[in-house]
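Just so we're aligned, residue 120 is where the sequence shown starts under our numbering, counting upward by one. Take a look at the structure below.
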Amino acid sequence: MAEHQPGRDCPLCPRLVSFREMQRAAHPDWHNAPVPSFGDLNARLLIVGLAPGLKGANCTGRPFTGDYAGDLLYATLLKFGYAQGRYDERPDDGLTLRDCRITNAVRCVPPENKPLPIEQSACRPFLVNEIAAMPKLKAIVALGLVSHNAVLSTLGERKAAFPFKHAALHEVSKGLLVADSYHCSRYNTNTGRLTTEMFENVFERLSERLGR
Ligand code: URA
């Protein structure tokens with residue numbers, strides 16, 4: 120099977136490699152490597168975030184774990200039955216995902232949370248392989264515009280045919296659904312662009328379609 124996870128010392132993005140080396144020197148106890156996806160490859164739902172946060176997923180090694188964005192994401196997954204246990208901002212908190220997997224469009228932490236377009240493209244083969252490795256996949260939640268575009272490119276869909284819109288459910292080819300959401304970032308929740316209700320609405324609509 121093709122690789123869906125970059126190696127610890129993935130060399131593809133020089134800027135991200137330098138940033139990683141700087142973080143390894145400053146924080147040798149952090150994960151400081153591409154963050155592996157979390158959850159079962161047999162899940163029907165895949166959530167695609169943007170990239171690990173510096174002191175969150177890049178430190179803990181699990182997507183959204185320790186990141187501000189993880190608070191709303193994991194609370195919502197627990198509420199809708201896509202997660203079980205207790206989220207405690209640690210990869211050993213015992214939380215498990217149910218019928219759900221989480222990955223990022225870019226697997227390495229970018230400076231200032233902003234991956235460059237060339238880095239988004241360099242990381243895309245891992246998303247392609249990730250999706251190919253999920254035999255039961257029915258739906259993808261794209262968190263934010265960058266993830267939405269990464270998912271459409273990965274699937275070979277035309278962006279003009281499926282414009283990003285919060286809570287939209289796009290029926291793309293092969294019977295797949297792509298659900299859009301504003302990213303559950305601190306900026307979006309603090310400014311009110313995304314409320315808990317709006318975020319939950321995405322999962323409510325998706326759950327109906329997945330017959331849950
Ligand atoms: N943490 C992640 O792993 N991904 C995001 O998109 C944001 C925070």
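Using N, Cα and C, we set each Cβ at its ideal position, and we do this for glycine too.
**Q.** Nearest residue (CA-CA) to L214, options F183, Q239, L173, P254
**A.** Against the sequence shown, residue 214 aligns to sequence position 95. It is F183 whose Cα lies nearest to the Cα of L214.
Q: With a floor of 4 residues, list each alpha helix (DSSP H) that falls wholly inside the stretch 246-301, ordered by position along the chain.
A: As far as the stretch 246-301 is concerned, its whole alpha helix (DSSP H) runs of at least 4 residues are 264-274.
**Q.** Burial state of T310, where buried means 16 or more other Cβ atoms lie within 10 Å
**A.** Taking the sequence shown and counting its residues from 1, the one referred to as residue 310 is at position 191. Exposed is the call here.
Q.
Buried or exposed, going by whether 16 or more other CB atoms sit within 10 Å of the CB of C129?
A. Against the sequence shown, residue 129 aligns to sequence position 10. Under this definition C129 is a buried residue.
Q. Run through DSSP, which three-state label would T179 get?
A. Counting from 1 along the sequence shown, the entry for residue 179 is found at position 60. Looking at T179 - three-state DSSP - the assignment turns out to be helix.
**Q.** Best match in G158, N161, L164, K174 for proximity to N232 [C-alpha to C-alpha]
**A.** On the sequence shown, position 113 is the one that residue 232 refers to. Comparing Cα-Cα distances from N232 to each of G158, N161, L164, K174, the minimum goes to K174.
(Q) On the DSSP bridge list, what partners appear for G158? (A) Indexing the sequence shown from 1 puts residue 158 at position 39. G158 pairs with R220.
**Q.** Touching by the beta-carbon criterion (3+ pairs, under 8 Å), the stretch 189-201 and the stretch 246-260
**A.** no
**Q.** Closest by C-alpha distance to S304, when choosing among A188, L169, M317, R331
**A.** In the sequence shown, residue 304 corresponds to position 185, counting from 1. If you compare the alpha carbons of A188, L169, M317, R331 with that of S304, the shortest gap goes to A188.
Q: Look at the alpha carbon of E122 and the alpha carbon of L264, and state the distance between them as a whole number of angstroms.
A: Residue 122 sits at position 3 when you count from the first residue of the sequence shown. Residue 264 sits at position 145 when you count from the first residue of the sequence shown. When rounded, the distance between both Cα atoms is 25 Å.
Q.
In this structure, how does DSSP classify L321 when only helix, strand and coil are distinguished?
A. Walking along the sequence shown from the start, residue 321 turns up at place 202. The amino acid at residue 321 is misidentified as Leu; the sequence shows Val. V321: helix per DSSP, three-state reduction.
Q: Grab the span of the alpha helix (DSSP H) containing L192 for me, first residue to last.
A: The sequence position of residue 192 within the sequence shown is 73, counting from 1. That run of the alpha helix (DSSP H) goes 187-198.
Q. Can you list, in chain order, the residues of its chain whose CB lies under 7 Å from that of N268, leaving out five sequence neighbours each side?
A. The residue given as residue 268 occupies position 149 in the sequence shown. Excluding residues within five positions, the ones whose Cβ falls inside 7 Å are K278.
Q. Between the C-alpha atoms of E290 and N223, what's the straight-line distance to the nearest angstrom?
A. In the sequence shown, counting from the first residue as 1, residue 290 sits at position 171. In the sequence shown, counting from the first residue as 1, residue 223 sits at position 104. For E290 and N223, the distance between alpha carbons rounds to 21 Å.
Q: Assuming T273 contacts L235 (C-beta within less than 8 Å), just tell me the rounded distance between them.
A: As a working note, residue 273 is residue 154 in the sequence shown. As a working note, residue 235 is residue 116 in the sequence shown. Going by Cβ atoms, the distance from T273 to L235 rounds to 18 Å, so no, they are not a contact pair.
Q: Closer than 7 Å by C-beta to M120: which residues in its own chain qualify, once you throw out the five before and the five after it? Chain order, please.
A: Counted from its first residue, the sequence shown places residue 120 at position 1. At M120 the pLDDT is 47, less than 50, meaning the model places this residue with poor confidence; the figure from the coordinates comes in the next sentence. Cβ neighbours of M120 beyond the five flanking positions: A252.
**Q.** Closest residue to H146 among P155, N177, R163, L164 (Cα-Cα distance)
**A.** Within the sequence shown, the letter at position 27 stands for residue 146. Nearest of P155, N177, R163, L164 to H146, Cα basis: N177.
Q. Secondary structure at L169, three-state DSSP: helix, strand or coil?
A. In the sequence shown, counting from the first residue as 1, residue 169 sits at position 50. Coil at L169, not helix or strand.
Q) Would DSSP call L135 helix, strand or coil? A) For the purposes of this step, residue 135 is identified with residue 16 of the sequence shown, where counting begins at 1. In the three-state scheme derived from DSSP, where H, G and I count as helix and E and B as strand, L135 is classed as helix.
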